[in-house]
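Under my numbering, the final residue of the sequence shown carries the number 831; numbering is consecutive throughout.
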Amino acid sequence: GVSGFLYSAVHGLLGSINRVNLGLGEDTSPGEAMNFLVVGSDSRQGLTDKQIREMHLGRDECDCTDTMMLVHISKDQDKVTVVSFPRDTWVRYPVRTQNGEQRAAREGKLNAAYEYGGPELLVRTIEQETGLKIDHYLEVNFLAFVNTVDALGGIEICLEKPFRDRRYTGLDLPPGVHRLNGVQALKYVRARHVAGTDGSDLGRTKRQQEFIGAMIRKASSSETLRSPTRVKNVLSSVVKSIKADENLSPQDLMTLALNMRNLSPANATFVSLPIENPDYRPPSAPTVSAVKWDEEAARQIFENIKNDQPVTAPPKSTGTVQKVTVPPSKVKVRVYNAAGTPGLAARVSSDLEEAGFAVTGPGKNWETGPFEQTVIRYDSQYTESIKTVQAALPNAKVEAVPGLGPVLQVVVGRDYSGVTPVRVGGAPAPQQSAKKVEAKTAADAKICKKG
């Protein structure tokens with residue numbers, strides 16, 4: 381059948397893929413939702429000098445990432461959610477080991493994580509910032525992008541006004557409908573200095589989302605991906621120019637290919653992370669202009685993805701939080717990671733410190749796991765202190781451990797979604813209503829009259 385043909389074709393192509401060992405752990409079981417981190421790199425690998433000149437790429441090749449997207453495939457495999465990460469997002473890189481030496485955590489822009497620690501540090505940073513487990517990694521270079529667009533027969537876009545980026549890519553298009561070939565498409569998604577715009581990375585991110593939506597519409601409305609032979613041809617044109625994690629299997633690629641083949645544009649959702657400050661000046665680097673997410677709204681998005689829910693769904697109610705008498709500053713806690721998400725203990729420790737708790741030491745990995753639910757372990761002598769931690773983590777399970785002592789243990793599971801503010805002596809701090817999430821689907825095409 382079709383699936384058997386595709387499986388055989390995909391299996392034969394796997395040898396052409398460059399592999400990177402990221403230590404992502406066990407592969408997802410069949411029928412589970414999957415999270416892909418898809419990265420567009422600045423690599424010119426495979427391009428001739430003529431192509432480099434034609435694409436206006438210049439000679440300054442950097443070991444960095446041009447585009448970063450989380451692609452979530454739902455458990456039933458009929459919905460896709462794409463979250464774009466602004467390149468200039470200010471993040472904290474987790475502790476890592478490089479060349480046998482442990483490197484301390486440090487702050488910087490998200491797109492520099494690749495330069496400092498390669499794909500592994502980028503994946504760990506994304507996992508730490510989102511609380512999500514990355515199941516697979518795909519890195520696409522310029523040549524792979526160009527070949528994909530050409531294999532699809534070009535992509536149609538609609539311009540409401542002139543599109544001129546003479547300084548950076550050399551692209552100059554009049555208003556109207558245009559069918560872009562691979563080279564033109566690369567210039568379109570990379571353009572930074574478009575006349576009449578602020579030239580921000582955020583504007584470019586939205587343009588990239590719209591273009592991917594156009595690719596999905598093309599793939600679903602034409603016969604390009606209806607023919608198994610054409611699917612194989614598209615994959616053949618791409619796999620030689622991509623990198624993937626060591627666990628990516630023929631079945632995983634099949635899931636991607638068949639998902640794209642059968643995906644309705646209305647079921648492909650693109651999300652822009654809510655931005656709190658587009659010109660954030662980090663205290664540790666006040667001369668740097670970076671992007672700062674709205675952490676509360678972003679957490680809502682990532683929690684919905686973790687639960688395989690629509691990103692625009694309202695947050696779950698945490699129920700009634702009991703009255704507390706001991707302030708967080710008087711409660712000692714130590715955090716342990718039992719979720720299997722690298723860097724999670726450090727992030728939860730930071731969250732608890734910001735909520736006022738006395739964190740007694742660096743986060744550590746729990747000896748067993750992974751745990752689905754967070755557990756708070758406490759000595760039964762500290763019945764009031766446990767109420768304070770319960771108020772901060774209302775969905776956690778509580779376990780009394782005689783003789784544990786004054787330091788409560790927070791063993792973080794996969795359900796962790798943040799710390800609830802605690803109010804001593806009264807009602808719990810009021811929860812803010814869900815913030816509006818900006819999301820579009822691939823079906824939301826611009827209407828552009830031809831002629």
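Heads up, the beta-carbon is just placed ideally off N, CA and C, and yes, glycines get one too.
What do you get for G403, buried or exposed, if any count of 16 or more other CB atoms within 10 angstroms of its CB means buried?
Looking up residue 403 in the sequence shown gives position 23. Label assigned to G403: exposed.
Between G436 and G562, is the Cβ-Cβ spacing less than 7 angstroms?
Residue numbering aside, residue 436 sits at position 56 when the sequence shown is read from its first letter. Residue numbering aside, residue 562 sits at position 182 when the sequence shown is read from its first letter. It is His, not Gly, that sits at residue 436 in the sequence shown. Taking 7 angstroms as the Cβ cut-off, H436 and G562 do not qualify as a contacting pair.
Alpha carbon of E675 to alpha carbon of D429, nearest angstrom:
In the sequence shown, counting from the first residue as 1, residue 675 sits at position 295. In the sequence shown, counting from the first residue as 1, residue 429 sits at position 49. Computed Cα separation, rounded: 43 angstroms.
By DSSP, does E540 sit in helix, in strand, or in coil?
Numbered from its first residue, the sequence shown carries residue 540 at position 160. The answer is coil: DSSP assigns E540 none of H, G, I, E or B.
V772 versus R679: straight-line alpha-carbon distance, rounded:
Taking the sequence shown and counting its residues from 1, one reaches residue 772 at position 392. Taking the sequence shown and counting its residues from 1, one reaches residue 679 at position 299. The residue you asked about is not Val; residue 772 is Ala in the sequence shown. Approximately 16 angstroms, taken between the alpha carbons.
Give a yes or no on whether the C-beta atoms belonging to V706 and E779 are separated by under 7 angstroms.
Position 326 of the sequence shown, counted from the start, is the residue given in the question as residue 706. Position 399 of the sequence shown, counted from the start, is the residue given in the question as residue 779. Not a contact, by the Cβ cut-off of 7 angstroms.
Is it the case that the Cβ atoms of G736 and S709 are separated by a distance below 7 angstroms?
As a working mapping, residue 736 is identified with position 356 in the sequence shown. As a working mapping, residue 709 is identified with position 329 in the sequence shown. Yes, Cβ-Cβ distance for G736 and S709 is below 7 angstroms.
L490 beta carbon less than 7 angstroms from that of V520
On the sequence shown, residue 520 is found 140 positions in, with the first residue counted as 1. On the sequence shown, residue 490 is found 110 positions in, with the first residue counted as 1. No, they are not a contact pair.
Residues bridged to Y517 by DSSP?
On the sequence shown, position 137 is the one that residue 517 refers to. Y517 is bridged to L417.
Could you tell me whether the Cβ atoms of V792 and V728 are closer together than 7 angstroms?
Within the sequence shown, the letter at position 412 stands for residue 792. Within the sequence shown, the letter at position 348 stands for residue 728. Against a cut-off of 7 angstroms, the Cβ pair of V728 and V792 comes out as a contact.
Would you report the Cα separation of A485 and I685, rounded to the nearest angstrom?
Here residue 485 corresponds to residue number 105 of the sequence shown, with the count starting at 1. Here residue 685 corresponds to residue number 305 of the sequence shown, with the count starting at 1. Approximately 27 angstroms between the Cα atoms of the pair.
What does the Cβ neighbour count give for Q478, buried or exposed, with the cut at 16 atoms within 10 Å?
As a working note, residue 478 is residue 98 in the sequence shown. By the 10 Å Cβ count, Q478 comes out exposed.
Beta-carbon within less than 8 angstroms of D468's beta-carbon, same chain only, minus the 5 sequence neighbours each way: which residues are those?
Walking along the sequence shown from the start, residue 468 turns up at place 88. The answer, listed in chain order, is K489, L490, N491, D581, S669, A670, V671.
Residue range of the beta strand (DSSP E) that includes D552
Residue numbering aside, residue 552 sits at position 172 when the sequence shown is read from its first letter. Segment 551-553, the beta strand (DSSP E) holding D552.
May I have the straight-line CA-CA distance separating G411 from L636, to the nearest angstrom?
Within the sequence shown, the letter at position 31 stands for residue 411. Within the sequence shown, the letter at position 256 stands for residue 636. Whole-angstrom Cα-Cα distance: 13 angstroms.
Give the single residue among L628, V614, F465, G583 whose Cα lies nearest to the Cα of N527.
As a working note, residue 527 is residue 147 in the sequence shown. Comparing Cα positions, the closest option is V614.
Give the single residue among N745, I756, K623, T768 whose Cα lies nearest to the Cα of L518.
As a first step, residue 518 must be located in the sequence shown, where it is residue number 138. The candidate whose alpha carbon is nearest that of L518 is K623.
For a test of the three-state rule: what should DSSP assign to P658, helix, strand or coil?
Numbered from 1 along the sequence shown, position 278 holds the residue referred to as residue 658. Three-state result, P658: strand.
In its own chain, which residues sit with a C-beta less than 8 angstroms from the C-beta of V503, not counting the 5 before and 5 after it?
In the sequence shown, residue 503 corresponds to position 123, counting from 1. L402, L404, L417, I514, Y517, listed in sequence order.
Using CA atoms only, rank isn't needed, just tell me which of G805, G743, A819 is closest to L790.
By one-based count along the sequence shown, residue 790 stands at place 410. For clarity, residue 790 is Val in the given sequence; the question names Leu instead. When only C-alpha atoms are compared, the closest one is G743.
Determine the DSSP secondary structure at T748, reduced to helix, strand or coil.
For this step, residue 748 is matched to residue 368 along the sequence shown. Residue state, collapsed to three classes: coil.
Of the choices A718, L566, A725, L732, whose alpha-carbon is the least far from that of V711?
Along the sequence shown, read from residue 1 onward, the residue named residue 711 stands at position 331. Among A718, L566, A725, L732, the Cα nearest to that of V711 belongs to L732.
Once DSSP output is grouped into helix, strand and coil, what is the label at M435?
Your numbering for residue 435 matches position 55 in the sequence shown. Coil at M435, not helix or strand.
Determine which residues share a DSSP beta bridge with G488 and list them.
Numbered from 1 along the sequence shown, position 108 holds the residue referred to as residue 488. For G488, which the question treats as bridged, DSSP gives the partners V471.
Taking just the CA atoms, how far does A738 sit from K567?
In the sequence shown, counting from the first residue as 1, residue 567 sits at position 187. In the sequence shown, counting from the first residue as 1, residue 738 sits at position 358. So the two alpha carbons sit approximately 51 angstroms from each other.
Of the choices W746, T800, G556, K459, whose alpha-carbon is the least far from that of K541?
Taking the first residue of the sequence shown as position 1, residue 541 is located at position 161. Closest option to K541, Cα to Cα, is G556.
Sequence ranges, alpha helix (DSSP H) only - wholly within the region 721-795, length at least 4
724-734, 763-772
Please report the distance separating the alpha-carbon of T698 from that of T577.
By one-based count along the sequence shown, residue 698 stands at place 318. By one-based count along the sequence shown, residue 577 stands at place 197. At T698 the pLDDT is 47, less than 50, meaning the model places this residue with poor confidence and gives no usable figure here.
So, with DSSP's three-state summary, where would you put A493?
By 1-based counting over the sequence shown, the position of residue 493 is 113. Looking at A493 - three-state DSSP - the assignment turns out to be helix.
Closer than 6 angstroms by C-beta to D446: which residues in its own chain qualify, once you throw out the five before and the five after it? Chain order, please.
On the sequence shown, residue 446 is found 66 positions in, with the first residue counted as 1. These residues qualify, in order along the chain: G420, D422.
For L636, three-class secondary structure by DSSP:
As a first step, residue 636 is located in the sequence shown; it is residue number 256 there, counting from the start. Note: L636 maps to helix in three-state DSSP.
Going straight from the alpha carbon of F751 to that of P474, what length do you get?
Taking the sequence shown and counting its residues from 1, one reaches residue 751 at position 371. Taking the sequence shown and counting its residues from 1, one reaches residue 474 at position 94. For F751 and P474, the distance between alpha carbons rounds to 21 angstroms.
Pull up the CB-CB distance for L653 and F465, whole angstroms please, since I reckon it's below 8 angstroms.
Taking the first residue of the sequence shown as 1, we reach residue 653 at position 273. Taking the first residue of the sequence shown as 1, we reach residue 465 at position 85. Correct: roughly 7 angstroms between the Cβ atoms.
Which first and last residues belong to the beta strand (DSSP E) in which F650 is found?
Taking the first residue of the sequence shown as 1, we reach residue 650 at position 270. Its beta strand (DSSP E) spans residues 648-652.
Since V711 is in the beta strand (DSSP E), which residue starts that stretch and which ends it?
Numbered from 1 along the sequence shown, position 331 holds the residue referred to as residue 711. That residue, V711, is in no beta strand (DSSP E); it is neither H nor E in DSSP.
Between the beta-carbon of R757 and the beta-carbon of V787, is there less than 7 angstroms?
Within the sequence shown, residue 757 is the residue found at index 377, counting from 1. Within the sequence shown, residue 787 is the residue found at index 407, counting from 1. Contact flag unset, no.
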